[in-house]
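Let me begin by presenting the structure, written as structure tokens, before commenting on it.
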Amino acid sequence: MKKAWKRKISVLAWGVALLLAGCVNSEVNSMITDRSNRTADQKQDQAQDQSHTTATTTVMTGKAFMLTAKASHQELAPGVTLPVWTFNNAVPGPEIRVRQGETIKVTLKNELSEPVSIHWHGYPVPNGMDGVPGITQNAVQPGETFTYEFKADVPGTYWYHSHQDSANQVDKGLYGALIVEAKNAPKPDREYTLLLDEWISQAQVNEAHGDMSDMGGMNNMDMSGMDHGNMVMSDSKNEGVAMGHNMNMYDLFTINGKSGPLVEPLKVKKGERVRIRLINAGYLTHKIHLHGHEFQIVATDGQSINHPAVIKDQLLAIAPGERYDIEFTANSPGEWYLECHGEMKGAKGMKALIQYEGSTEKSDQPNESEQLPVVDLASYGTQKTGPFTLDQKYDVEYTMNLNTETRGHETVYTINGKTFPNTEPLNVKEGDLVKVKIVNNSMMDDHPMHLHGHFFQVLSKNGKPLEGSPVFKDTLNVKPGEEYIVAFKADNPGNWMFHCHELHHASAGMVTEVKYAGFQPGFTPDPAANNKPE
Ligand code: C2O
Ligand code: CU
């Protein structure tokens, strides 16, 4: 235990150093990267077994990366330390930040007790690099490695996560950001990447045997064995499934793996142009309010928006798997919240303070229950001709009726009445133009539908053509009663998943595939690999 203590403290020290270094303008970037790598190396050297992670999110740049999947514990909120699954010992894993045009290599090393994989969410990688066990590769077994390699051609905000048993593995923390910097675009003065997520703090309470007085600080970190912790966590998961995914279980919301007072403040200077990249790695939609500033939504799912309008005091609803990049000019010195609105218990912890350097004003109050309008992307930005229209000719048309059904005692999530792998695939050939109508017939459930390997253009919402900027996405939230028409070109041969990113829904059936005629995957599924594509 003594030894473990020392390790923790040195990791903590590096975490603090990183924190002081701040985040991330391009000059400081390489320095931070340097430190991040050393931090990661140190951790690798020192922490052969489980160790606690207190470091803030690190940024890795360059062309070759190493991601080690391993179990750990992380303090998410003061006194709440949970067993987590990590890439490089932290949730989120390191931000991978590369330049457009680079070919990048990422080696995944699995130090967990279960197989894992990495999916590059939103990124149009070659099919063999898509990271879906049983569909594009065999799951990476404990002790093994797998190297992902692809050319980063498309700039924007993306993320990576395990796609093995993903409802559980992403929930435990196996995710991080992938940022591809545009080659010829002006850079903002400041950038932050914020990954949103939700947790069940109850697992920790169980683990502490209900004795809250034992829960603070190192004491608590030392007392729990890893296996015990994971067991508790998966127990509450199963309970959750039995309860039909009662999402109220998720009572602790995090930004970059931290909640409440542990969330790092976002430092800005007066006059700076600031970009915030928001990524939802969780299973709930979060409505984000930027206090005190006008802002623009410059991109969604990595794709730019044409002439984005300047708006203020409107909520940005970010569904599971979606990304939004917002930009604002820091023209209002003081301290301001960027916070999640809503009635759920966890919402209170999902706030970051925007702090002006050199300003001592403390002007702002949280106000998470304030009712504000939600931005509608269907009429945001300025019209422009996109590659697809509603009335052109398509080679393939597919209707996806999404529903929630009860089969015996189980709740299942269906596409045209069927659950994966019995759903009807979208059969295409290379070059086909494909139109998909997505209808949500569920009474209560949102379905954020995610297509691998392609972007689609959103053409209409509830029968009405989009009125603003063309919108290109890989993840589109369809609310109960809504109907969207989207279109894409089949330009990336392979077998590609098209599924709900409320991953409980995916694991309970809501998955189909886009399958290219004549495509042969470059691997042989291994029945011993325990492949779980969802
Ligand atoms: Cu974010 Cu099929 O995945
Ligand atoms: Cu769903």
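Positions -26 to -1, 1 to 508 (mature numbering (1 follows the signal peptide of the UniProt record, and there is no 0)) are the ones given, in order, by the sequence shown.
Cβ coordinates follow ideal geometry from the N, Cα and C atoms, glycine included.
Closest by C-alpha distance to glycine 496, out of Pro467, Pro507, Leu477 and Ser481, is Pro467.
Isoleucine 253 and proline 499 have their alpha carbons spaced roughly 32 Å apart. Judged by beta-carbon spacing, tyrosine 490 lies within the 8 Å limit of valine 402, meaning their Cβ atoms are closer than that value.
Distances between the C-beta of glycine 295 and the heavy atoms of the ligand C2O include at least one below 7 Å.
A Cβ-Cβ contact shorter than 8 Å links aspartate 275 with arginine 297. Pairing glutamate 165 with arginine 249, the inter-Cα distance amounts to about 5 Å.
At a threshold of 7 Å, methionine 471 counts as near the ligand C2O, since its beta carbon sits closer than that to one of the ligand's heavy atoms.
When DSSP states are grouped into helix, strand and coil, glutamine 176 belongs to the helix group. Here isoleucine 174 is near tyrosine 224, since their CB atoms are less than 8 Å apart. Within its own chain, the residues whose Cβ lies closer than 8 Å to the Cβ of glutamate 155, once the five positions on either side in sequence are excluded, are Arg71, Val72, Arg73, Gln74, Pro129 and Lys161, listed in chain order.
A distance below 7 Å between beta-carbons, with the five flanking residues on each side excluded, links glycine 360 to the following residues of its chain, in chain order: Gln431 and Pro444.
In this structure, glutamine 115 lies away from asparagine 142, with their beta-carbon atoms at least 8 Å apart. The beta carbon of histidine 426 sits closer than 7 Å to at least one heavy atom of the ligand C2O. Chain order is used for the residues whose beta-carbon lies nearer than 6 Å to a heavy atom of the ligand CU, namely Tyr387, Asp419, His421, Cys474, Glu476, His479 and Met484.
Taking 8 Å as the cut-off, the beta carbon of glycine 231 is found closer than this to the beta carbon of leucine 50. Residue environment analysis places serine 343 among the exposed positions, since fewer than 16 neighbouring C-beta atoms fall within 10 angstroms of its C-beta. Using a C-beta cut-off of 8 Å, the segment 443 to 457 makes no contact with the segment 388 to 400, since fewer than three inter-stretch Cβ pairs fall below that distance. Under the three-state reduction of DSSP output, serine 87 falls in the coil class, being neither helix nor strand. In the structure shown, alanine 51 falls within a strand segment according to DSSP collapsed to helix, strand and coil. For serine 233, there is no enclosing alpha helix (DSSP H), as DSSP marks it with neither H nor E. Excluding residues up to 5 positions away in sequence, Leu82, Gly105, Val106, Pro107, Gln111, Ala113, Val114, Phe120, Ser136, His137 and Gln138 lie with their Cβ nearer than 8 Å to the Cβ of serine 91 in the same chain. A distance below 8 Å separates the beta carbons of phenylalanine 462 and valine 408. Distances from the CA of aspartate 365 to each of Ile328, Lys438 and Glu301 were compared; the closest alpha carbon is that of Lys438.
Judged by DSSP secondary structure, histidine 95 falls within the beta strand (DSSP E) whose first and last residues are 93 to 95. Non-local beta-carbon contacts of isoleucine 300 in its own chain, meaning distances under 6 Å to residues more than five positions away in sequence, involve Ile250, Phe269 and Ile271 in chain order.
Non-local beta-carbon contacts of threonine 167 in its own chain, meaning distances under 6 Å to residues more than five positions away in sequence, involve Glu69, Ala151 and Arg251 in chain order. Within the same chain, Cβ atoms closer than 6 Å to the Cβ of lysine 37 are found at Glu76 and Ile78, the five residues on either side in sequence being excluded. In this structure, histidine 260 has its beta carbon at no less than 7 Å from each heavy atom of the ligand C2O.
When DSSP states are grouped into helix, strand and coil, alanine 43 belongs to the strand group.
In the three-state reduction of the DSSP assignment, proline 107 falls in the strand class. Counting along the chain, the unbroken alpha helix (DSSP H) around alanine 480 starts and ends at 477 to 481.
Residues Glu379, Thr393, Ala482 and Gly483 of the same chain have their beta carbon placed closer than 7 Å to that of valine 386, with the five preceding and five following residues left out of the count. Phenylalanine 493 and leucine 240 have their C-alpha atoms spaced approximately 47 Å apart. In this structure, tyrosine 330 and lysine 453 do not form a Cβ contact; the two beta carbons are roughly 37 Å apart against a cut-off of 8 Å. In this chain, the beta strand (DSSP E) harbouring serine 434 covers 430 to 435.
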